[in-house]
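Presented below is the structure to which this report refers.
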Amino acid sequence: MRYRDTRSAEREGAVLSPIHAARAKPPLGRPARWRPDPTAGHTRHIASARKDRRLSIASARPPVAADADSALRRELYFFTLYRLFEAALLVFFLFGPATGLVEPLRNALVARSIALSYLFIAALLFAFGRRGDLRAQTLTGIGADLFFGLLAMHAMPAAGTGIALMLLFNVGAAALLLPARYGLGAAVVAVLGLFGEFVWSKLAIESTDRTLAEPMMFAVGYMAIATLTSILGRQMRESYDLAERRGAEAAHLGEINELIIRRLRTGVLLVDRGDRIRLANEAAMLLLGDAGESTDLHGQRSLAVAAPELSRRLERWRQDGSHNDSPLQLAPDLPEVVPRFTRLLAGSEQVLVFLDDTSLLSRHAESMTLATLGRFSASLAHEIRNPLAAINYAVQLLEESDDIPTAERRLLEIIRQQGIRMNGIVENVLGMARREPAKPEHVELVGFGRQFVEEYLASHPLDLDTLRTTSQVARLPVLIDPRHLHQVLTVLVHNALTYGRMPGEPARVTVNIYPDDTGLPCIDVLDRGPGIPESVASRLFRPFFTTSSHGTGLGLYIARELCRANQTTLDYVAMPGGGGCFRVRLIGSHTLLTA
């Protein structure tokens, strides 16, 4: 069930997702997704939220050309209903007890035939008046009105003035529904018909008391009403066109507003006086976690049930306006948030609650610190490279000497290995400092994965180790920088081949490509090793963290930063049967990117 709070949401422009006890069905198609940058601790909640709560943002629908056509067809309906009444009235006067009111008749048989024919045509036009072309329907109707009306005026001279008056409405209605040239043309035909019927009557054998002034006055009335209603009709159509253009502009702004709010990383809730959550954006539902599904006895989602501490802070704010800026956690395994409150309108009982994710601020501060450190380290790395190159060159010269004892050659080997390690750290630090922004492209992920494995095997012979790729689908389009993805996979596969093995056994690494339950493309790099302890897994992506004496501790950190630059997540997933799994969750090729 999709609805909007008509008392406030449409009036104040609160464009958020509706909250209802029954789960809303996902909209057709795949809307642009809000791509959070989750930490490893709450990735599971984000994945389940994408699966279970694809909340669409309600937005106003613009008036389209069909609205104007519908309004004109409604007017045409009343026009055809009036025509049917006219024909029925003529039949009543000719076949009913009021026949004496229209006598004498020039020809009773002709008059009755005209009335019955007009009634038949009017009934057909009324039955099919809402089908076919609007202009053709109106022209046919006014043509029938003038033809049968003028014949009826001649056949029933006593009712001629009344019939001419009734035709005045028909001419005006036709001018309202038709373009100006057709409306005025119908009025001119009616005027010519009046003068023609007058001349016909004068040429008849019987005398008549009618004067030329009568058709002249009707002619003035027909032209005046046609001109006036034509102007009104043009203004009405222009108003509909203007409304359509304004509606298209509003729809465009609504789509922009929808995209902004959907991708807004700040959670937004609209809470009424009864502490019921009326509207929410996707970020708020993710930050509430499973508690966002809680409902009260009336089937409404209650803030007191979903987030009791947040409800208490809101109540204190309502009472004395005090703010508590200390972070709070709305659900287990989810980041802490700092709530902010503001009324929807001055004096309104409805409150907008903004939930600021503190983890985003922490990561931003960490990124700024690391960026500064990276620039400093890059400058330092350039200074280290020269003496390091000299050390490596001296070691190579000493290794070529025959006078070095065997015991001391082991020391030279240690120096050479540590020199290689130091050079790797320098290269990684320089890579961090000069990292370019992502340049996303449309990539077919299954083919890319197979090509990567082939290139890796060609450049890194594995002997007894195995590396293979698997996929559950034939094609899987994504939007990502292929250079960054290649670098991420190189880091993950190298780590899996190096550390993901049981003692004394060859490494077996699999790159599995598949869409997850929400349809997002995923890459799993799986190994058959002992796995990673939970205490170590929580620190895997920290810079310079390593459990190996040969590692630099920067590979996984750089891989995650590359993923974040592409709005992609990289997490470690513990496997129940043993082994390790690094999961890259990407975005589809249809998804919009942040500017």
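Those letters in the sequence shown? Residues 8 to 602, by the working numbering.
Each residue gets a CB set at the ideal place from its N, CA and C atoms; glycine is no exception.
Look at the beta carbons and you see the segment 443-450 touching the segment 483-492: at least three pairs across the two are nearer than 8 Å. The DSSP-derived three-state label of residue 219 is coil. For residue 354, no alpha helix (DSSP H) run applies, since DSSP gives it neither H nor E. Taking C-alpha positions only, residue 548 is separated from residue 587 by approximately 15 Å. Residue burial is scored here from C-beta neighbours: residue 139 has fewer than 16 other C-beta atoms within 10 angstroms and is therefore classed as exposed. When the alpha-carbon of residue 536 is set against those of 265, 513, 361, the nearest one is in 513. For secondary structure counted as the beta strand (DSSP E) over 3 or more consecutive residues, the segment 496-533 holds these complete runs in sequence order: 515-522, 528-533. Per DSSP, residue 283 is not a residue of any alpha helix (DSSP H), being assigned neither H nor E.
In this structure, residue 159 lies near residue 121, with their beta-carbon atoms less than 8 Å apart. Close CB contacts of residue 364 within its chain, under the 7 Å cut and outside five residues either way in sequence, are with 272, 294, 342, 344 (chain order). Sorting 564, 545, 534 by C-alpha distance to the C-alpha of residue 583 places 534 at the top. Approximately 37 Å separates the beta-carbon atoms of residue 278 and residue 249; this is outside 8 Å, ruling out the contact.
Annotation: the continuous alpha helix (DSSP H) that includes residue 174 extends over 167-184. Per DSSP, reduced to three states, the secondary structure at residue 164 is helical. Secondary structure of residue 312 (DSSP, three-state): helix. For the pair residue 594 and residue 492, the CB atoms are not nearer than the 8 Å cut-off.
Secondary structure note for residue 539: it is in no alpha helix (DSSP H), with a DSSP letter that is neither H nor E. Residue 94 is positioned such that its CB atom lies closer than 8 Å to that of residue 125. Within 10 angstroms of the beta-carbon of residue 237 lie 16 or more other beta-carbons, which makes it buried. Burial is judged here by how many other beta carbons sit within 10 angstroms of a residue's own beta carbon; residue 255 has fewer than 16 and is exposed. Taking C-alpha positions only, residue 203 is separated from residue 83 by approximately 28 Å. Looking from the CA of residue 127, the closest CA among 114, 395, 151 belongs to 151.
DSSP places residue 290 inside the alpha helix (DSSP H), whose first and last residues are 289-295. For residue 478, the enclosing beta strand (DSSP E) has its first and last residue at 473-478. Beta-bridge partners assigned by DSSP to residue 363: 345. Between the C-alpha atoms of residue 196 and residue 90 there is a straight-line separation of about 18 Å.
Between residue 321 and residue 499, the alpha-carbon positions lie close to 46 Å from each other. Taking a cut-off of 8 Å on C-beta distances, the segment 310-319 does not touch the segment 351-358, as fewer than three cross pairs fall below it. Residue 347 has its alpha-carbon roughly 48 Å from the corresponding atom of residue 429. Annotation: the continuous alpha helix (DSSP H) that includes residue 459 extends over 452-466.
A Cβ-Cβ distance of about 12 Å is found for the pair residue 199 and residue 225, leaving them out of contact under the 8 Å criterion. Contact between the segment 172-191 and the segment 228-235 is present, with at least three C-beta pairs closer than 8 Å. As a beta-bridge residue in DSSP terms, residue 578 pairs with 590. Beta-bridge annotation (DSSP): residue 274 is paired with 362. Rounded to whole angstroms, the separation of the alpha carbons of residue 501 and residue 460 is 12 Å.
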